[in-house]
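Student: In this text, residue positions in the sequence shown follow the numbering used here: the first is -2, and each later residue adds one.
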Amino acid sequence: VATAAALREEIPSPADLFRLTSEDITSIKSNLGKAVYNEDGVASRTFKLPVRATNRLTSLTKMVNYLSIVRHDIRWENIRWDYVTTFNDEWKALEDLADASPGEVPKYKAVHGMVKHIYAIDTYLNSTYGANKCPLRYLTMSDDLRDEDEPARAKRFVTGRHFADPHDSLAKEIMARASRSTANARADNETLFDIIQRSIQHSSFASQADHFKETHDGLGLYKLLKTTQATSSHHEREAKAALDWSQKTTWVSFQQSGDMNSWIEKLRQQWFNYQLAGKQTPIQEYDERTRVLWLLASLKSDEVDVVYHKNQIKQSNQMMHSWNDAVEFLADCEYIGKDTKKTKR
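1) Would you kindly report the start and end of the unbroken alpha helix (DSSP H) that includes Trp268?
2) Roughly how many angstroms separate the alpha carbons of Ser204 and Gln312, rounded to a whole number?
3) Just tell me which of Ala323, Thr179, Gln266 and Lys276 has its CA closest to the CA of Leu293.
4) What are the partner residues of Leu296, as DSSP defines its beta bridges?
5) With the cut-off set at 8 Å, would you say Tyr271 and Ile280 are in Cβ contact?
6) His69: buried (16+ other C-beta within 10 angstroms of its C-beta) or exposed?
7) Taking the alpha-carbon of Arg158 as reference, which of Arg288, Asp329, Asn123 and Val81 has the nearest alpha-carbon?
8) Compare the Cα-Cα distances from Leu142 to each of Lys245, Ala175, Gln198 and Tyr121 and report the closest residue.
9) In this structure, what does DSSP give as the bridge partners for Tyr361?
10) Going by alpha carbons, who is nearest to Arg53 out of Val67, Thr212, Asp165 and Thr23?
11) Would Thr188 and His232 be called neighbours here (beta carbons separated by less than 8 Å)?
12) Is it true that the CB of His306 sits closer than 8 Å to the CB of Leu273?
13) Tell whether a beta-carbon distance below 8 Å holds between Asn181 and Gly215.
14) Judging by CA-CA distance, which residue of Asp165, Thr51, Arg42 and Val102 is the nearest neighbour of Leu91?
15) If you follow the alpha helix (DSSP H) that Met172 is part of, which residue opens it and which one closes it?
16) Taking the beta carbon of Ile171 as the centre, do at least 16 other beta carbons fall within 10 Å, making it buried, or is it exposed?
17) Trp242 and Lys297 - do their beta-carbons sit closer together than 8 Å?
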């Protein structure tokens, strides 16, 4: 009790944990353990902060920093130790994701056009983490997907977790709630500028970045490219092209159509492009069964195992309503030329 009281003198409010580092916590532990002498030479009482308490304090510091990022009030009742262990595991996983390399920045290719390039940038931003420990896509995502409520009106967290419906992870909570005007956000915006500038370097759009070189305004550059080169009509054309390919493509044989799994990945990418276009302009929605029917219709091969796999899919209610399950089943299909390289003539 006495140690707790002494610790409360060092940290009177949970808000005082904000931005504390492990070095700060070590300093607090050291201060509690040092005797202070008054003018009569009488030493004050010292206190030992156990390792367990030190670790808990470190965990609480991370939680408080998180609460600050997602703009939730920092009060003692918002910090329950029985939830901290779950938070610790999720935060560690998030830090690992943030530390991982996102890979090479996608480069603009004239053959694909700017709309597909912006789709590629959006995909890249979804796997590139910034100073707020969430994907940089939070800077460019639609305002409709954001939650700008003040801390007092913020949605309550799911019981035992640290995100609110409809989110299912810390990263998604941060993406929806993190401020776009803090120092961290400004640093992320500069990173966004560097990414886009590198992506259009040596292309006909490279000069577009010149307007933002002084400010390093990544969001400004992103919006410029999007409003001038990726309008609704552009997205409509991309959606139509992706849909046409998905509905009209065929796989006949390895000799004529190449590796089946590679062909399926092209189908998957076309559908991904179609969905990305749908986030920018109204499009027709299709259910999983319709997509599976397109898939079956596009398999024109009369090879025995291909026909067998098609029939099995047709007879399976699960696969007929899950495109992913259907193509996963097709991956085991044995056809002439499988696992060999197609020779050029």
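Just so you know, even glycine gets a beta-carbon here, dropped at the ideal spot from N, CA and C.
Tutor: Reading from the atomic positions:
1) Position 271 of the sequence shown, counting from 1, holds the residue named residue 268. Residues Met257 to Gly275.
2) Walking along the sequence shown from the start, residue 204 turns up at place 207. Walking along the sequence shown from the start, residue 312 turns up at place 315. Ser204 and Gln312: Cα-Cα distance of roughly 56 Å.
3) For the purposes of this step, residue 293 is taken as residue 296 along the sequence shown, with counting starting at 1. Leu293 has its Cα closest to that of Ala323, out of Ala323, Thr179, Gln266 and Lys276.
4) Within the sequence shown, residue 296 is the residue found at index 299, counting from 1. In the DSSP assignment, Leu296 forms a beta bridge with Trp248.
5) Taking the first residue of the sequence shown as 1, we reach residue 271 at position 274. Taking the first residue of the sequence shown as 1, we reach residue 280 at position 283. A Cβ-Cβ contact shorter than 8 Å links Tyr271 with Ile280.
6) In the sequence shown, the residue the question calls residue 69 occupies position 72. His69 is buried by the Cβ-count criterion.
7) Taking the sequence shown and counting its residues from 1, one reaches residue 158 at position 161. The shortest Cα separation from Arg158 among Arg288, Asp329, Asn123 and Val81 belongs to Val81.
8) One-based indexing of the sequence shown puts residue 142 at position 145. Of the listed residues, the one whose Cα sits closest to Leu142 is Ala175.
9) A query on residue 361 cannot be resolved here, the shown segment of the chain reaching from -2 to 342 and no further.
10) For the purposes of this step, residue 53 is taken as residue 56 along the sequence shown, with counting starting at 1. Nearest of Val67, Thr212, Asp165 and Thr23 to Arg53, Cα basis: Thr23.
11) Locating residue 188 in the sequence shown gives position 191, counting from the first residue. Locating residue 232 in the sequence shown gives position 235, counting from the first residue. Using a Cβ distance threshold of 8 Å, Thr188 and His232 do not count as a contacting pair.
12) By one-based count along the sequence shown, residue 273 stands at place 276. By one-based count along the sequence shown, residue 306 stands at place 309. Cβ atoms of Leu273 and His306: not closer than 8 Å.
13) The count along the sequence shown starts at 1 and reaches residue 181 at position 184. The count along the sequence shown starts at 1 and reaches residue 215 at position 218. Gly215 sits away from Asn181, with the two beta carbons spaced by 8 Å or more.
14) On the sequence shown, position 94 is the one that residue 91 refers to. Minimum Cα distance to Leu91 is reached at Asp165.
15) Numbered from 1 along the sequence shown, position 175 holds the residue referred to as residue 172. Leu167 to Arg174 is the extent of the alpha helix (DSSP H) around Met172.
16) Taking the first residue of the sequence shown as position 1, residue 171 is located at position 174. Ile171 should be labelled buried.
17) Numbered from its first residue, the sequence shown carries residue 297 at position 300. Numbered from its first residue, the sequence shown carries residue 242 at position 245. Taking 8 Å as the Cβ cut-off, Lys297 and Trp242 do not qualify as a contacting pair.
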